[in-house]
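Following: one structure in structure tokens, then a few remarks.
Number of protein chains: 2
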Amino acid sequence: MSRTDEVVAGVRRMITDGELGPGDRLPVEKDLAERLGVSRGSLREGVRALTVLGVLDTRQGDGTYVTSLDPARLMSSLQFVVDLHGDTGARPFHAVRRVLETEAAGLAAHRITPEALAEARDVLEQAARTLAQDDVDHAAFIEADTAFHRIVAEQGGNPVVTALVEAIAGRTFRERLWRGRHEAGAEERTQRDHEAVWRALAAGDAEAARVRMAAHLLDVEETLPGPEATED
Amino acid sequence: MSRTDEVVAGVRRMITDGELGPGDRLPVEKDLAERLGVSRGSLREGVRALTVLGVLDTRQGDGTYVTSLDPARLMSSLQFVVDLHGDTGARPFHAVRRVLETEAAGLAAHRITPEALAEARDVLEQAARTLAQDDVDHAAFIEADTAFHRIVAEQGGNPVVTALVEAIAGRTFRERLWRGRHEAGAEERTQRDHEAVWRALAAGDAEAARVRMAAHLLDVEETLPGPEATED
DNA sequence: ACGCCCGGATTCATCGGAGGAATTCGTGCG
DNA sequence: CGCACGAATTCCTCCGATGAATCCGGGCGT
Chain Z
1 MSRTDEVVAG VRRMITDGEL GPGDRLPVEK DLAERLGVSR GSLREGVRAL TVLGVLDTRQ
61 GDGTYVTSLD PARLMSSLQF VVDLHGDTGA RPFHAVRRVL ETEAAGLAAH RITPEALAEA
121 RDVLEQAART LAQDDVDHAA FIEADTAFHR IVAEQGGNPV VTALVEAIAG RTFRERLWRG
181 RHEAGAEERT QRDHEAVWRA LAAGDAEAAR VRMAAHLLDV EETLPGPEAT ED
Chain L
233 MSRTDEVVAG VRRMITDGEL GPGDRLPVEK DLAERLGVSR GSLREGVRAL TVLGVLDTRQ
293 GDGTYVTSLD PARLMSSLQF VVDLHGDTGA RPFHAVRRVL ETEAAGLAAH RITPEALAEA
353 RDVLEQAART LAQDDVDHAA FIEADTAFHR IVAEQGGNPV VTALVEAIAG RTFRERLWRG
413 RHEAGAEERT QRDHEAVWRA LAAGDAEAAR VRMAAHLLDV EETLPGPEAT ED
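Here the protein sequences come in this chain order: Z and L. According to the numbering used here, the first sequence is numbered sequentially starting from 1. According to the numbering used here, the second sequence is numbered sequentially starting from 233.
In structure tokens:
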């Protein structure tokens, strides 16, 4: 076990033991290094690793703190590794996205707030206006698409689901997604799919919300490269 | 942007640009540091962070290599952050596990190999023998429980699902899970649930496999602490 | 010729120290 | 009382040196 691993394990223990909690400040580098029996260099490597993982947050001139440890924060590092995969590997990731967002849509049907419902409607109307223009602003439509999906995922009420979806369907992933979807009618179809999901949410119909979201994401998935459906 | 972030971004770019691929060796610390315009210390912090994320693998006396970049490898860091959450935060994680494993069970029904089916049966028989003893070996049963779920998840055929389930339902999480399940009959019930899933898989009945797995995991979920079902 | 041992070269791991940069907070002035 | 200034604190970056693990090729014996 390397010194750095000892640092990671040590900080982890300090958190699980309750010595450190969200928002708490760590001892200064010199003290913590001495306490863990490592040099400042090794300590910094471990702290940096935990920073990348979203566990710690260092601020120059201030100190090192434990983050909120929210799933959203902790899963953000996942986006990095997802984006590392090329276009060919996108399919299994999108399948996970589909399953999770479908579940979230079903849950959201029963618990979506009036405010979120209204916001989702506004997003859809904005998207409709974008599509009505002669020269469609594709970037703006992608923005609206992202916003709609985020609202639904959030209203599912499971922060882990929200964080995972956010990590998988991040910026890079979505751009890849739409790169292969510029055939005629793709955006209009997406718009109709979204509206169908919205109606199901407004009606509080969980089953309809599930089916609509699943169908929509299956549509998207078919445009991805890779084995269509293991046709071997 | 800190020097370390530049290192992470630089290596990421080298990978996405195709300059580096799985198994490839990175330049030695001195050269790479010079190329990225940072000191060896900063370089090491960045490389270490990528090592923790499962992207790089350093071997003393040999060199630094890009890993296979398999989802299983890349998601392993997720287990660390999942385990960081206490018992109270386990419920949303388990909900994700339930949804993903349910999907995997449905997929597995159509594509499980005879070998995997036989291995799963062996695991279940082993578990049954464990339960038949006067003094039940709980650790052995947990082991069999883990093995059964892993086989089903793997046979779902989606490596991302497998990796996520593995990360969420890791060792620490499972131990927490069973800590609150030592009431009489819990293990026997689990065994019956598993056998029902197995029969569905053997019959190639995807819907049955889904339902059985979902019901089993809902059972488990009810024993977790936290809001029963948002009864507000 | 073949296998084994050993020593040098290579590479990462760890350490210690020094100066710089950003933040915080108390002090003193207006 | 408000504000600017500066000292203290803390993390950031760099440099050089030593140790540890691995790899590779030469030399030796059989």
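We put the CB at the ideal spot given by N, CA and C, even for glycine.
Q) Under a CB-based cut-off of 7 Å, is T455(L) close to chain Z? A) Chain Z contact via Cβ: absent.
Q: Determine the extent of the beta strand (DSSP E) in which V66(Z) is found, giving its start and end residues.
A: Counting along the chain, the beta strand (DSSP E) containing V66(Z) begins and ends at G63 to V66.
Q) Hey, L433(L) and A340(L) are a contact pair by Cβ (cut 8 Å); roughly how many whole angstroms apart? A) Between A340(L) and L433(L) the Cβ distance is about 6 Å, and since that is below 8 Å, they are a contact.
Q: Counting only runs of 3+ residues fully inside the segment 37-65 of chain Z, write out the beta strand (DSSP E) ranges in chain order.
A: Taking only runs of at least 3 residues, the beta strand (DSSP E) segments lying wholly in the segment 37-65 of chain Z are 56-59.
Q.
For V66(Z), would you say it is in contact with chain L, using Cβ-to-Cβ distances shorter than 7 Å as the test?
A. Output row for V66(Z): interface = no.
Q | R413(L) in three-state terms, based on DSSP | A | Coil.
Q) Taking C-beta to C-beta, are F148(Z) and V165(Z) nearer than 7 Å? A) No.
Q. Near S42(Z), what residues of its chain come up, given a Cβ to Cβ distance below 7 Å and the 5 sequence neighbours on each side ignored?
A. So the qualifying residues of the chain are R3, T4 and V7.
Q: Ignore the nearest five residues each way along the sequence and tell me which others in D319(L)'s own chain have a CB closer than 7 Å to its CB.
A: Listed in chain order, the non-local C-beta contacts of D319(L) below 7 Å within the same chain comprise R408 and P457, local neighbours out to five positions each way being set aside.
**Q.** Candidates D294(L), G286(L) and Q365(L), of which the one nearest L301(L) by Cα
**A.** G286(L) is the residue among D294(L), G286(L) and Q365(L) whose C-alpha sits nearest the C-alpha of L301(L).
**Q.** Length of the line joining the Cα atoms of D289(L) and V298(L)
**A.** Roughly 6 Å between the two C-alpha positions.
Q) When the Cβ atoms of the segment 353-368 of chain L are set against those of the segment 129-141 of chain Z, are three or more pairs found closer than 8 Å? A) Touching, no.
Q: Please look up how many angstroms separate the CB atoms of A337(L) and V384(L), rounded, as I've assumed it's under 8 Å.
A: Going by Cβ atoms, the distance from A337(L) to V384(L) rounds to 5 Å, so yes, they are a contact pair.
Q | 7 Å Cβ cutoff, L218(Z) in contact with chain L | A | Answer no: the Cβ-Cβ gap between L218(Z) and chain L never drops below 7 Å.
(Q) One question on the structure: do V82(Z) and I168(Z) come within less than 7 Å of each other, judged by their Cβ atoms? (A) Taking 7 Å as the Cβ cut-off, V82(Z) and I168(Z) qualify as a contacting pair.
Q.
Using CA atoms only, rank isn't needed, just tell me which of L26(Z), R98(Z) and N158(Z) is closest to P71(Z).
A. Nearest neighbour of P71(Z) by Cα position, chosen from L26(Z), R98(Z) and N158(Z), turns out to be N158(Z).
Q) Going straight from the alpha carbon of R73(Z) to that of H317(L), what length do you get? A) Whole-angstrom Cα-Cα distance: 13 Å.
Q) Within the 7 Å Cβ cut-off, does R280(L) reach chain Z? A) Output row for R280(L): interface = yes.
Q) Any idea if P114(Z) is buried or exposed, counting beta-carbon neighbours within 10 angstroms, 16 or more meaning buried? A) Counting the other Cβ atoms within 10 Å of the Cβ of P114(Z) gives fewer than 16, which makes it exposed.
**Q.** chain L within 7 Å of A72(Z), Cβ atoms only
**A.** Chain L, which has no Cβ nearer than 7 Å to the Cβ of A72(Z), makes this no.
Q.
Could you check whether the segment 187-197 of chain Z touches the segment 207-216 of chain Z, counting it as contact only if at least three pairs of C-beta atoms, one from each stretch, sit closer than 8 Å?
A. The segment 187-197 of chain Z makes contact with the segment 207-216 of chain Z, as at least three CB pairs between them are under 8 Å.
**Q.** Alpha-carbon spacing of H94(Z) relative to D219(Z), whole angstroms
**A.** In a straight line, the C-alpha of H94(Z) is about 11 Å away from that of D219(Z).
Q: Compute the beta-carbon to beta-carbon distance between L27(Z) and R40(Z), rounded to the nearest angstrom, for a pair I have assumed lies under 8 Å.
A: Residue identity differs from the one stated: residue 27(Z) is Pro in this sequence, not Leu. Actually they do not touch by this definition, with Cβ atoms about 12 Å apart.
**Q.** Integer-rounded CB distance, given that Q358(L) should sit under 8 Å from A376(L)
**A.** Between A376(L) and Q358(L) a beta carbon distance of about 6 Å is seen, short of the 8 Å cut, so the two are scored as contacting.
Q) Would you call the CB atoms of R181(Z) and T223(Z) closer than 7 Å? A) Remark: C-beta atoms of R181(Z) and T223(Z) approach each other more closely than 7 Å.
Q. R25(Z) bridges to which residues according to DSSP?
A. Bridge partners of R25(Z): Y65(Z).
(Q) Contact criterion: CB-CB distance below 7 Å. Does A327(L) meet it with respect to chain Z? (A) Cβ-Cβ to chain Z under 7 Å: yes for A327(L).
Q. So with Cβ pairs under 7 Å, would you call P346(L) a contact of chain Z?
A. No, P346(L) lies away from the interface with chain Z (no Cβ there is under 7 Å from its Cβ).
Q) What's the call for E419(L), buried or exposed, on a 16-neighbour Cβ count within 10 Å? A) By the neighbour-count rule (16 or more Cβ atoms within 10 Å), E419(L) is buried.
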